[in-house]
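So the structure is just underneath, and the comments pick up after that.
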Amino acid sequence: MFLKSVNNFLLLLAIPLLCISGCSHQDFGRPMHSPISDLMDSGKPYIDSTEEALALDRSRKFAKALAEWQLQSPDEKPDYHIGPEDAVQLEILSFETPGKPSTLLRTVGNDGMINLSWAGKVKISGLNLQEAEKAISDHLSAGYIKNPSVALKIAEYKSAGVVITGAVSKPGVYYMKRDRRTLLEILAQADGLDMKSGDELLLVRGKQSMKTAVLGGGSETNSLIVVDLKQLIDNGDLRSNLWVQRGDIITVQPRKSNYICVLGYVNRPGSFDIAGKGRISALDAVGLAGGLTATARAENSWLLRQTPKGQKMVTIDITAMARGGRAPLYMESGDTLVIGSSAFAKLSEFIKPSVSAGASFSPAP
Numbered sequence: 003m004f005l006k007s008v009n010n011f012l013l014l015l016a017i018p019l020l021c022i023s024g025c026s027h028q029d030f031g032r033p034m035h036s037p038i039s040d041l042m043d044s045g046k047p048y049i050d051s052t053e054e055a056l057a058l059d060r061s062r063k064f065a066k067a068l069a070e071w072q073l074q075s076p077d078e079k080p081d082y083h084i085g086p087e088d089a090v091q092l093e094i095l096s097f098e099t100p101g102k103p104s105t106l107l108r109t110v111g112n113d114g115m116i117n118l119s120w121a122g123k124v125k126i127s128g129l130n131l132q133e134a135e136k137a138i139s140d141h142l143s144a145g146y147i148k149n150p151s152v153a154l155k156i157a158e159y160k161s162a163g164v165v166i167t168g169a170v171s172k173p174g175v176y177y178m179k180r181d182r183r184t185l186l187e188i189l190a191q192a193d194g195l196d197m198k199s200g201d202e203l204l205l206v207r208g209k210q211s212m213k214t215a216v217l218g219g220g221s222e223t224n225s226l227i228v229v230d231l232k233q234l235i236d237n238g239d240l241r242s243n244l245w246v247q248r249g250d251i252i253t254v255q256p257r258k259s260n261y262i263c264v265l266g267y268v269n270r271p272g273s274f275d276i277a278g279k280g281r282i283s284a285l286d287a288v289g290l291a292g293g294l295t296a297t298a299r300a301e302n303s304w305l306l307r308q309t310p311k312g313q314k315m316v317t318i319d320i321t322a323m324a325r326g327g328r329a330p331l332y333m334e335s336g337d338t339l340v341i342g343s344s345a346f347a348k349l350s351e352f353i354k355p356s357v358s359a360g361a362s363f364s365p366a367p
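Here it is as structure tokens:
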């Protein structure tokens with residue numbers, strides 16, 4: 003009698019265990035509830051966003067590289083050569099009223115001239131502030147004002163524009179306030195790189211109208227320079243921190259990889275292009291792979307992601323996501339999703355030592 007009771011108890015215990023470990027959960031709408039799995043699920047996010055982690059890591063390295071450049075760069079007097087469309091403010095003694103200073107606001111024309119009303123025009127384009135003051139003073143002393151006193155400053159910088167496009171936080175046109183600016187300094191004006199920035203920056207040299215503003219002689223024709231951002235920012239190699247000049251166009255290329263992998267107990271395992279989407283939910287990724295096989299257990303799955311600290315592997319429950327017990331998990335470019343079978347399946351069933359080498363491997367359904 004005792005042995006019969008024990009056998010009945012073991013049979014009753016075995017039935018739910020078999021249900022937990024052996025049944026297929028292809029119907030996301032009617033999943034099996036497991037008190038054990040629900041108890042073990044902490045409810046915390048499975049994995050942090052790689053894009054956010056990479057962006058934060060690169061932001062730190064960007065700030066470090068910029069600080070190192072500022073420490074290492076030689077002390078030099080910031081200089082600026084005036085150009086067309088710059089607005090200048092002049093203070094000239096006895097220009098309109100004897101013995102009193104007059105303040106004039108003028109915009110430099112495309113011909114490089116400013117108009118001094120009754121005193122005529124003066125060319126100041128291509129000159130720095132001191133040279134421009136002398137040019138105006140010489141002009142006025144030649145028959146207009148005896149011993150003129152002239153003070154000049156830039157009211158608005160508009161001639162030394164640099165275009166920044168691509169994967170930066172704030173793309174747009176930025177105006178330099180001195181002739182010598184570097185890539186890191188200009189990128190800092192655009193609030194640095196955004197979350198989708200890749201490892202290449204394209205620098206198109208603009209045609210120069212003023213040789214005095216061309217650093218190191220420069221080039222009078224357009225030219226393309228490719229800068230390795232990984233070398234400059236991630237590795238801190240400041241030799242790649244090139245000088246930027248007026249008229250340049252800077253484009254930060256986005257990351258090129260747009261593929262995810264879905265392996266394990268799915269009908270069509272392999273790599274899938276998610277270009278244009280940016281990211282895709284794990285449920286949609288299973289759909290791309292043709293759905294689950296007859297023996298799949300969607301609550302027994304894994305996600306592999308490359309993070310700044312190395313490859314990270316986490317177990318995930320896609321069934322819980324489908325029934326609303328878990329927030330959707332979004333896969334990003336480079337992620338690998340593995341669908342398991344029984345609760346005791348091992349990850350080694352699906353993935354060989356190299357994830358890329360095992361991308362086409364799938365267990366028999």
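Adding 2 to a residue's 1-based position in the sequence shown gives its number in my numbering. Built from N, CA and C at the ideal position, the CB exists for glycine as well.
Segment limits, alpha helix (DSSP H) that includes residue i
i, result
"residue 191", "185 to 191"
Short Cβ contact (8 Å threshold) for residue i with residue j
i, j, result
"residue 195", "residue 64", "yes"
"residue 295", "residue 268", "yes"
"residue 86", "residue 114", "yes"
"residue 232", "residue 201", "yes"
"residue 228", "residue 244", "no"
"residue 340", "residue 320", "no"
"residue 325", "residue 291", "no"
"residue 342", "residue 299", "yes"
"residue 234", "residue 67", "yes"
"residue 60", "residue 236", "yes"
"residue 241", "residue 335", "no"
"residue 176", "residue 192", "yes"
"residue 301", "residue 322", "yes"
Coil, strand or helix - residue i by DSSP
i, result
"residue 228", "strand"
"residue 84", "coil"
"residue 337", "coil"
"residue 246", "strand"
"residue 70", "helix"
"residue 61", "helix"
"residue 241", "helix"
"residue 98", "coil"
"residue 119", "helix"
"residue 38", "Note that residue 38 scores a pLDDT of 36, beneath 50, so its modelled location is shaky; the value from the coordinates is reported in the next line. Here residue 38 sits in helix by DSSP."
Residue range of the unbroken beta strand (DSSP E) whose run includes residue i
i, result
"residue 110", "Careful: residue 110 lies outside any beta strand (DSSP E) and carries neither H nor E."
"residue 255", "251 to 256"
Contact between the region 105 to 114 and the region 85 to 92 is defined here as three or more beta-carbon pairs at a separation below 8 Å; is this criterion met? yes
Should the region 151 to 165 be regarded as contacting the region 126 to 142, the criterion being three or more beta carbon pairs within less than 8 Å? yes
Along the chain, which unbroken stretches of the alpha helix (DSSP H) at least 4 residues long are found entirely within the region 123 to 211? 131 to 143 and 185 to 191
At least three beta-carbon pairs within less than 8 Å, the region 160 to 167 to the region 240 to 255: Yes, the region 160 to 167 is in contact with the region 240 to 255.
Only counting runs of 4 or more residues, tell me where the alpha helix (DSSP H) segments fall wholly within the region 263 to 334, in order along the chain. 284 to 290 and 320 to 324
Count the CB pairs spanning the region 123 to 131 and the region 57 to 74 that are closer than 8 Å, and state whether there are at least three. These segments do not touch.
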